[in-house]
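Participant: Numbering-wise, the numbering used here comes out as the position in the sequence shown, counting from 1, plus 3.
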Amino acid sequence: MGARGRRGGRQSAAAGQFPGPDRPSPPGPGGGDKRAPPGGAHSSRLPARPSAAAPAASQKQCKKSSFAFYQAVRDLLPVWFLEDMRTMEVFHWEDGGKVSVYSPSEALLYALVHDHQPYARHLLTKFPESALAVPSQSFSCCQSSAPHLAMAVRYNRVRVLFRILKAIQAFPPSDRASHLDRRGCSRVEGGKTALHVACELVRPECLLLLLGHGASPCLQDSAGNTPLDTLLQQISHAPAANMRAKLLCFDCLFFFVPQDLQFTMKQQLLDNRQRWQDLLGVSRFQCLVGLSPPSLFVGAMRVLIRTISPEHFPEALDNLPLPHFLKPLDLKLES
């Protein structure tokens, strides 16, 4: 089968450094990136499987075939074509001189980066466990757990995140928890969970999906910060950009945190009371630092949300007895 030829013009050096999918910069909060439609002729075949006898030549062949696969996913080519490439034609070079095929886990990372939703759906449906397994070291410096959830949040891939969370629900409880509460590499990611990333990048849809599927809001990153601390740091940043989305994240998070949550920034809030009342509003501030009990609405929402099982989240939100203006997030996603 032919692989995609190189598109017109020279490719950047950064792109040629793949297979690792963490090279492209993720889109900013609330923005999706545009991808070029498929095009061009299939001008040449991929190289045959590299031989271990000639490491330099094999590594060069791997880079070519790896980049061809990267381009094919980027160009949103059909699922059958990508799977033919992945299973029969493309290889990547591992540290230590090992030639490897792309695993479903590594292919899913590419699908996440380029928002190839049909390919992500195929991988998660056909290979749910191996698609969410730990990828090779070329793709993830930390080999203790899989990075897919955090990657989906970082690139704001809400629909793919939803499918990952649904796939995780079929896992044994211990495996499910290890995915939901996975801490990132302490060296590169600061030990942040996917919830920390959602708060740091102000992703309200991602945040609510994670919380509704059982991610813990109480875990600390390497600096001792909970997701609430991370969000408060974002709220305090000047200028006060995107404040509506930040407060929406705060309200979503507050429905799920325990009333006795210990968080690092509490004393800072008390020491700068007027500033934080201006940022959060008086009622949010007083409730957060324990100067007043939660409102009846917050208390009722906490009870109602706990009645929704992860298997029925978020679609069951539509059945809650709330007016539309109290449901600001559009989470009508296909299951």
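By construction, the Cβ of each residue, glycine as well, lies at the ideal position given by its N, Cα and C atoms.
What residues match up with Ser148 in a beta bridge as DSSP calls it?
Facilitator: Answer is none; Ser148 lacks a bridge partner.
Participant: Sort Gln265, Glu86, Phe253 by Cα distance to Gly284 and report the nearest one.
Facilitator: The candidate whose alpha carbon is nearest that of Gly284 is Phe253.
Participant: Between the C-alpha atoms of Gln289 and Gln237, what's the straight-line distance to the nearest angstrom?
Facilitator: 19 angstroms
Participant: Quick one: what's got a C-beta closer than 7 angstroms to Leu85's C-beta in the same chain, skipping five residues either side?
Facilitator: Ala75, Val76, Tyr122
Participant: Looking only at C-alpha atoms, which of Ala153, His182, Gln172 sits nearest to Arg206?
Facilitator: Ala153
Participant: Hey, how far is the Cα of Leu126 from the Cα of Phe174?
Facilitator: Approximately 16 angstroms, taken between the alpha carbons.
Participant: Is it buried or exposed for Met268, if we count other Cβ within 10 angstroms and need 16 for buried?
Facilitator: buried
Participant: If I measure Cβ to Cβ from Leu282 and keep anything under 6 angstroms in the same chain, skipping five residues before and after, which residues do I get?
Facilitator: Ile238
Participant: Short check: CB of Leu115 to CB of Tyr158, under 8 angstroms?
Facilitator: The Cβ-Cβ distance between Leu115 and Tyr158 falls below 8 angstroms.
Participant: Going by other Cβ atoms of all chains shown within 10 Å of its Cβ, with 16 needed for buried, is Arg166 buried or exposed?
Facilitator: So Arg166 ends up on the buried side.
Participant: Hey, quick one: how far does the alpha helix (DSSP H) through Phe253 stretch, first residue to last?
Facilitator: 246-257 is the extent of the alpha helix (DSSP H) around Phe253.
Participant: Three or more C-beta pairs closer than 8 angstroms, one from the region 215-233 and one from the region 181-200: is that the case here?
Facilitator: Counting Cβ pairs under 8 angstroms, three or more are found: they touch.
Participant: Under the assumption that Gly193 contacts Ser225 (Cβ atoms under 8 angstroms), give the Cβ distance between them as a whole number of angstroms.
Facilitator: 5 angstroms
Participant: Determine the closest residue to Ser148 out of Pro131, Arg186, Leu235, with distance taken between C-alpha atoms.
Facilitator: Arg186
Participant: Check this for me: beta carbons of Leu272 and Leu291, under 8 angstroms apart or not?
Facilitator: yes
Participant: Go to Leu198, then tell me how far its alpha helix (DSSP H) extends in each direction, as first and last residue.
Facilitator: 197-203 is the span of the alpha helix (DSSP H), which, as asked, contains Leu198.
Participant: Tell me the DSSP secondary structure of Val191 in three-state form.
Facilitator: Note: Val191 maps to coil in three-state DSSP.
Participant: Leu135 to Arg276, Cα distance in whole Å?
Facilitator: The alpha-carbon atoms of Leu135 and Arg276 are separated by roughly 44 angstroms.
Participant: Please identify the residue among Asp118, Lys67, Val301 whose C-alpha is closest to the C-alpha of Leu80.
Facilitator: When only C-alpha atoms are compared, the closest one is Asp118.
Participant: Which residues in the same chain have their Cβ closer than 8 angstroms to the Cβ of Val82, if we skip the five residues on either side of it in sequence?
Facilitator: Pro121, Tyr122, His125
Participant: Quick check on Pro324: buried or exposed, where buried means 16 or more other Cβ atoms within 10 Å of its Cβ?
Facilitator: exposed
Participant: Taking Val301 and Phe266 to be in contact with their CB atoms under 8 angstroms, please state how far apart those CB atoms are, rounded to whole angstroms.
Facilitator: With 8 angstroms as the limit, Val301 and Phe266 do not qualify as a contact, their Cβ atoms being about 17 angstroms apart.
Participant: Between which residues of its own chain and Glu314 is the CB-CB distance below 8 angstroms, once the five residues before and five after are set aside?
Facilitator: Gln172
Participant: Shortest alpha-carbon distance to Gly217 belongs to which of Ser69, Tyr113, Ile311?
Facilitator: Ile311
Participant: Give me, in chain order, the residues of the same chain whose beta-carbon lies closer than 7 angstroms to that of Ser286; leave out the 5 immediate sequence neighbours on both sides.
Facilitator: Within the same chain, Ser286 has close Cβ partners Ser298.
Participant: Quick one: what does DSSP say Gln265 is sitting in, helix, strand or coil?
Facilitator: coil
Participant: Do you know how far the Cα of Cys209 is from the Cα of Val156?
Facilitator: 6 angstroms
Participant: Would you check if the distance between the CB atom of Leu222 and the CB atom of Leu256 is smaller than 8 angstroms?
Facilitator: Their beta carbons are not under 8 angstroms apart, which means Leu222 does not touch Leu256 by this criterion.
Participant: Please look up how many angstroms separate the CB atoms of Ser177 and Pro138, rounded, as I've assumed it's under 8 angstroms.
Facilitator: Ser177 to Pro138, Cβ: 21 angstroms. No contact.
Participant: Could you name the residues of the same chain whose beta carbon sits closer than 7 angstroms to that of Pro41, not counting the 5 residues immediately before and after it, in chain order?
Facilitator: The predicted model places Pro41 with a pLDDT of 38, which falls under 50 and marks its position as unreliable, so this point remains unresolved.
Participant: Three-state secondary structure (DSSP) at Arg186?
Facilitator: Of the three classes helix, strand and coil, the one that applies to Arg186 here is coil, per DSSP.
Participant: Tell whether a beta-carbon distance below 8 angstroms holds between Asp184 and Ser219.
Facilitator: yes
Participant: Is the beta carbon of Pro131 closer than 8 angstroms to that of Leu212?
Facilitator: no
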